[in-house]
Amino acid sequence: MNIFRLAADMTHLISILVLLLKIHATRSCRGISLKTQDLYALVFLFRYLDLFTRYISLYNTVMKLVFLGTSFSIIYFMRFHRVVRNTYDKEQDTFRSIFIVVPCAVLALLINQERSVLEILWTFSIYLEAVAILPQLVLLQRTQNIDNLTGNYVFLLGTYRGLYILNWIYRYLTEPHYRQWIVWLSGVLQTGLYVDFFYYYFLAWRNNQKLSLP
Amino acid sequence: EGEKASKDEL
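Residue numbers (my numbering), protein chains in the order written: chain A, 21 to 234; chain B, -14 to -5.
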């Protein structure tokens, strides 16, 4: 475990806590894409199937359980909570998830490192995570007056991915056999999707204005 | 084993 990896995981954790805080404190999920949240739950579910087959470390196990638990509780709030579910922008959250789920599934079947069910599901989760933010970014573009917590949530998610790239560079340099092209390419693509958002996030911050995407 | 390394990541 290096400092970049730890910082990345903590940033990821904080992003989820910020989202939960927004939902609890404001009793609203306005501006949050349920489609992206569904996709993340799917990502965690398929990636962490090895919870049952392999023990890596206590840290690893606890974090996996936390990510699974929090992602499903966010979905629970958005779908079923008496107050919160009414604040969901269903009409604006129109991205068709099927257009990313199917290509990712096909890609995972074609490009993987081992022909086993667990490995193909794991690879699918890597591809899917790379593009799972798209419905959220589309919804943000349609949202007038993006609130601070929503903006910071997406910013932290992007930062988490960027830190993972630093972690990979560090591991590549320090661990002789560390090679993972599928993960690296997906991760770089995923971080790239945030570039536009980061630009407007910093612009709003510098000018002391409310964030909005053109 | 290197191929499996990232499986210790989240």
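Ideal Cβ positions, reconstructed from N, Cα and C, are used throughout, including at glycine.
According to a CB-to-CB cut-off of less than 7 Å, which residues of the stretch 196 to 215 of chain A neighbour chain B? Cβ contacts with chain B: His197, Tyr198, Arg199, Gln200 and Val203.
State yes or no: is the C-beta of A/Ile94 nearer than 7 Å to some heavy atom of the ligand NAP? This structure lacks the ligand NAP; in fact it carries no ligand of any kind.
Cβ-based contacts, 9 Å cut-off: residues of the stretch 70 to 88 of chain A near chain B: Answer in chain order: Asp70, Arg74, Ile76, Ser77, Asn80, Met83, Lys84 and Phe87.
For A/Trp225, does the count of other Cβ atoms within 10 angstroms reach 16, so buried, or fall short, so exposed? Looking up residue 225 of chain A in the first sequence gives position 205. Under this definition A/Trp225 is an exposed residue.
Just to confirm before moving on: does the CB-CB distance between A/Phe218 and A/Pro155 stay below 8 Å? Walking along the first sequence from the start, residue 218 of chain A turns up at place 198. Walking along the first sequence from the start, residue 155 of chain A turns up at place 135. Cβ distance not < 8 Å, so A/Phe218 and A/Pro155 don't count as in contact.
Taking 8 Å as the CB-CB cut-off, is A/Asp29 touching chain B? Residue numbering aside, residue 29 of chain A sits at position 9 when the first sequence is read from its first letter. True, the Cβ-Cβ gap to chain B drops below 8 Å.
How big is the Cα-Cα spacing for A/Thr179 and A/Tyr79? As a first step, residue 179 of chain A must be located in the first sequence, where it is residue number 159. As a first step, residue 79 of chain A must be located in the first sequence, where it is residue number 59. Spanning the two alpha carbons is a distance of roughly 21 Å.
Which residue marks the beginning of the alpha helix (DSSP H) containing A/Ala152, and which one marks its end? Locating residue 152 of chain A in the first sequence gives position 132, counting from the first residue. Looking at the DSSP string, A/Ala152 is not in any alpha helix (DSSP H), and its letter there is neither H nor E.
Extent of the continuous alpha helix (DSSP H) to which B/Ser(-9) belongs: Along the second sequence, read from residue 1 onward, the residue named residue -9 of chain B stands at position 6. That residue, B/Ser(-9), is in no alpha helix (DSSP H); it is neither H nor E in DSSP.
A/Trp188 CB to nearest chain E CB: under 8 Å? Any reference to chain E falls outside this structure, whose protein chains are A and B.
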